[in-house]
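Note that the sequence shown ends on residue 73 in our numbering; no numbers are left out.
Right, one structure below, let's go through it.
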Amino acid sequence: MSSTPSPTASPTAVIGRVPVRDVRPAVEYGRRPAKAVTGETFQVTATVFREGHDAVA
Numbered sequence: 017m018s019s020t021p022s023p024t025a026s027p028t029a030v031i032g033r034v035p036v037r038d039v040r041p042a043v044e045y046g047r048r049p050a051k052a053v054t055g056e057t058f059q060v061t062a063t064v065f066r067e068g069h070d071a072v073a
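What follows is the structure, encoded as C-alpha cells:
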C-alpha cells in the first residue's frame, strides 16, 4: 500500500481572480489614502467581482 497524498487544488485555482475596483472613500482619485480617527464610523464601497468562465455559466 502506498500512501500517496491526494492532489488538492490551490485556493487561487478554486477561487480565481477577484478584482476590487472603485474603492471609496478616495482622496484625489486614490492617489492619497483616506483618513479617519479611531472610533469614527464611515461607509466603504467598492465594485468587487469574480473573473472566470465558470462564473458566467
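All C-beta atoms in this analysis are idealised placements derived from N, C-alpha and C, irrespective of residue type, glycine included.
- Over what stretch of residues does the beta strand (DSSP E) that includes T63 continue unbroken? Counting along the chain, the unbroken beta strand (DSSP E) around T63 starts and ends at 61-64.
- Alpha-carbon spacing of A52 relative to F65, whole angstroms: Going by the C-alpha atoms only, they are around 27 Å apart.
- Item | Where R40 falls: helix, strand or coil (DSSP) | The answer is strand: DSSP assigns R40 an E or B state.
- Message: Between the alpha carbons of P41 and A50, how many angstroms are there, rounded?
- Response: Their Cα atoms are separated by approximately 6 Å.
- According to the Cβ coordinates, are T63 and R33 closer than 8 Å? No, the pair does not count as a contact, with Cβ atoms beyond the cut-off.
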